[in-house]
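Everything on this sheet refers to the single structure shown next.
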Amino acid sequence: MLYVRYTVDLNCDLGEGCGNDAELMRLISSANIACGYHAGDDDTIKRTIDLALENNVAIGAHPGYKDKKNFGRTAMSLAFGEIHDIVIDQILKLKHFCEAGGAKLRHVKPHGALYNQAAREREIAAAIVDAVRAVDPQLVFFGLSGSVMIDEAEQVGLPTASEVFADRTYKSDGTLTPRTEQNALIEDETTSITQVMDMVKYGRVRSVDAIMVALDAETICLHGDGRHAVQFAQNIRDSLTVSGIEIAPPFHT
Numbered sequence: 248m249l250y251v252r253y254t255v256d257l258n259c260d261l262g263e264g265c266g267n268d269a270e271l272m273r274l275i276s277s278a279n280i281a282c283g284y285h286a287g288d289d290d291t292i293k294r295t296i297d298l299a300l301e302n303n304v305a306i307g308a309h310p311g312y313k314d315k316k317n318f319g320r321t322a323m324s325l326a327f328g329e330i331h332d333i334v335i336d337q338i339l340k341l342k343h344f345c346e347a348g349g350a351k352l353r354h355v356k357p358h359g360a361l362y363n364q365a366a367r368e369r370e371i372a373a374a375i376v377d378a379v380r381a382v383d384p385q386l387v388f389f390g391l392s393g394s395v396m397i398d399e400a401e402q403v404g405l406p407t408a409s410e411v412f413a414d415r416t417y418k419s420d421g422t423l424t425p426r427t428e429q430n431a432l433i434e435d436e437t438t439s440i441t442q443v444m445d446m447v448k449y450g451r452v453r454s455v456d457a458i459m460v461a462l463d464a465e466t467i468c469l470h471g472d473g474r475h476a477v478q479f480a481q482n483i484r485d486s487l488t489v490s491g492i493e494i495a496p497p498f499h500t
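Under this note's numbering, residues 248 to 500 are what the sequence shown spells out, in order.
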C-alpha cells in the first residue's frame with residue numbers, strides 16, 4: 248500500500264558562502280538561511296533574502312553554534328540557557344532582516360551539530376523549541392523525522408515539519424549517519440533519487456544496515472554545500488513533479 252504524499256517541501260541550507268544560492272533558489276520551496284554564527288554575515292543574509300523573494304521561496308532561520316572554523320559541525324556542551332539565547336539571537340537577526348526587506352520569516356531549522364545533538368538529546372531540543380516559541384509560536388519548526396525534536400515541538404504546540412534527507416544516509420535508529428563515517432554522504436544521483444522517492448511514496452528509508460526505517464517526509468533537505476547540490480536538486484524536483492507530487496512549503500498556519 249502506498250503512503251504517497253501529494254505535497255512535499257524541498258528545502259536547502261543557503262547563505263553559507265557556497266556560491267550556488269541563485270541556482271538552487273530556483274529549484275526549492277524553502278530556504279534555511281545561515282544567521283552569521285556558523286556561516287554568513289549581514290550582507291549574505293540580505294542577499295539571500297532578496298533571492299528568496301525573487302523566487303517566491305519561503306524563508307527560514309538556520310541557527311547553529313558560533314563556530315565558523317568548523318562550519319558549526321562540531322558538537323558543543325552548552326547549558327539550556329546558553330542554547331536558548333544563541334538560538335533566539337539568530338532567529339531575531341533573520342526576523343529583523345526579513346522585516347527590513349519586506350519578507351516574512353516562516354520557519355526555523357537548526358544547523359549541523361546543534362541539529363544532530365537536538366535529534367538525540369531532549370534537553371537541547373527543548374531549549375531550541377522554547378527559543379522558537381518565545382520569538383513567534385507560529386514559526387514552523389523543521390526537525391528530524393521521528394526524533395525528540397519533533398516531539399518537543401509538538402508538545403508545546405509549535406507547527407512542525409518532519410524532515411528527511413536526500414543526500415545523507417541513515418542509521419537503523421532513524422538518526423543520520425555521522426559525517427565522521429565514510430558512508431555518511433550520498434553522492435550518487437540515482438541513489439539519492441531512489442531514497443527520496445522511497446521516503447515520499449512509502450514513508451520509509453533503507454538504513455546503512457539494510458533495515459527499513461519508518462519516517463514522515465514532510466520536507467526534504469538537500470545541502471547547499473554538496474558537490475552535486477544543483478544537479479541533485481534539479482533531478483529530485485523533476486522526479487517528484489513527474490510523479491504528480493507538488494512542491495510547496497509546509498505551512499500549517
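Just so you know, even glycine gets a beta-carbon here, dropped at the ideal spot from N, CA and C.
From F412 to L469, what distance separates their C-alpha atoms?
Start at 1 with the first residue of the sequence shown, and residue 412 comes out as number 165. Start at 1 with the first residue of the sequence shown, and residue 469 comes out as number 222. For F412 and L469, the distance between alpha carbons rounds to 6 Å.
So what's M323 in DSSP terms, helix, strand or just coil?
Locating residue 323 in the sequence shown gives position 76, counting from the first residue. In the three-state DSSP reduction, M323 falls in the coil class, being neither helix nor strand.
Determine contact between the region 352-368 and the region 306-321, defined as no fewer than three beta-carbon pairs at a distance below 8 Å.
Under the 8 Å Cβ criterion, the region 352-368 counts as touching the region 306-321, having at least three qualifying pairs.
Around the Cβ of H499, are there at least 16 other Cβ atoms within 10 angstroms (buried) or fewer (exposed)?
Looking up residue 499 in the sequence shown gives position 252. Residue placement at H499 is poorly supported in this model, since its pLDDT is 46, which falls under 50; the coordinates still yield a value, given next. With fewer than 16 Cβ atoms within 10 Å of its Cβ, H499 is classed as exposed.
V304, buried or exposed, once every other Cβ within 10 Å from all chains shown has been counted against 16
Residue 304 sits at position 57 when you count from the first residue of the sequence shown. Within a 10 Å sphere around the beta-carbon of V304 sit 16 or more other beta-carbons, which makes this residue buried.
In chain order, what residues of the same chain have a beta carbon less than 8 Å from the beta carbon of A373, not counting five sequence neighbours either side?
Locating residue 373 in the sequence shown gives position 126, where the first residue counts as 1. Contacts found: F327 and E399.
Counting only runs of 4+ residues fully inside the region 423-464, write out the alpha helix (DSSP H) ranges in chain order.
436-449
With a CB to CB cut of under 7 Å and the five nearest residues on each side skipped, what residues in its chain are close to N482?
One-based indexing of the sequence shown puts residue 482 at position 235. So the qualifying residues of the chain are E436 and I440.
Please classify K340 as buried or exposed, where buried requires at least 16 neighbouring CB atoms within 10 angstroms.
For the purposes of this step, residue 340 is taken as residue 93 along the sequence shown, with counting starting at 1. Buried, by the Cβ-count rule.
Hey, E410 and V255: beta-carbon distance below 8 Å or not?
Here the question's residue 410 lines up with position 163 in the sequence shown. Here the question's residue 255 lines up with position 8 in the sequence shown. No; because the gap between Cβ atoms is not below 8 Å, this pair is not in contact.
Less than 8 Å between C-beta atoms, sequence neighbours within five positions excluded: which residues of the same chain meet that for V455?
Taking the sequence shown and counting its residues from 1, the one referred to as residue 455 is at position 208. Within the same chain, V455 has close Cβ partners T416, Y417, K418, S419, T424 and N430.
Are the CB atoms of T427 and A366 within a distance shorter than 8 Å?
If you number the sequence shown from 1, residue 366 lands on position 119. If you number the sequence shown from 1, residue 427 lands on position 180. No, they are not a contact pair.
Roughly how many angstroms lie between the CA atoms of A381 and V403, to the nearest whole one?
Here residue 381 refers to the residue found at position 134 when the sequence shown is read from its first residue. Here residue 403 refers to the residue found at position 156 when the sequence shown is read from its first residue. Cα to Cα, A381 sits roughly 11 Å from V403.
Check R415 in the structure and name its three-state DSSP category.
Translated into positions along the sequence shown, residue 415 becomes position 168. R415 falls in the strand class under three-state DSSP.
Once DSSP output is grouped into helix, strand and coil, what is the label at G307?
In the sequence shown, the residue the question calls residue 307 occupies position 60. Note: G307 maps to strand in three-state DSSP.
Using alpha carbons as the reference points, say which of D383, A480, V477 and V443 lies closest to L462.
In the sequence shown, counting from the first residue as 1, residue 462 sits at position 215. Closest option to L462, Cα to Cα, is V443.
On the DSSP letters alone, give me the boundaries of the beta strand (DSSP E) that S277 sits inside.
Numbered from its first residue, the sequence shown carries residue 277 at position 30. Where S277 is concerned, the enclosing beta strand (DSSP E) stretches over S277 to A281.
What does the alpha-carbon distance come out to for the pair D383 and I306?
Locating residue 383 in the sequence shown gives position 136, counting from the first residue. Locating residue 306 in the sequence shown gives position 59, counting from the first residue. Distance between the alpha carbons of D383 and I306: 14 Å.
Classification of M396 by the beta-carbon crowding that lies within 10 angstroms, buried from 16 upward:
Residue mapping note: residue 396 aligns to position 149 of the sequence shown, counting from 1. M396 should be labelled buried.
When burial is assigned at 16 or more other CB atoms within 10 Å of the CB, is Y312 buried or exposed?
Position 65 of the sequence shown, counting from 1, holds the residue named residue 312. Per the 10 Å Cβ criterion, buried.
H309 and N279: beta carbons closer than 8 Å?
For the purposes of this step, residue 309 is taken as residue 62 along the sequence shown, with counting starting at 1. For the purposes of this step, residue 279 is taken as residue 32 along the sequence shown, with counting starting at 1. Yes, the pair counts as a contact, with Cβ atoms nearer than the cut-off.
Counted within 10 angstroms of its Cβ, other Cβ atoms place M272 as buried (16 or more) or exposed:
Within the sequence shown, the letter at position 25 stands for residue 272. M272 should be labelled buried.
Count the other C-beta atoms from every protein chain shown that fall within 10 angstroms of the C-beta of Q337, then say buried if there are 16 or more, exposed otherwise.
Residue 337 sits at position 90 when you count from the first residue of the sequence shown. Burial call: buried.
From the DSSP output, which residues share a beta bridge with F388?
Here residue 388 is taken as the residue at index 141 of the sequence shown, counted from 1. Looking at the DSSP output, F388 sits in a beta bridge with V355 and T407.
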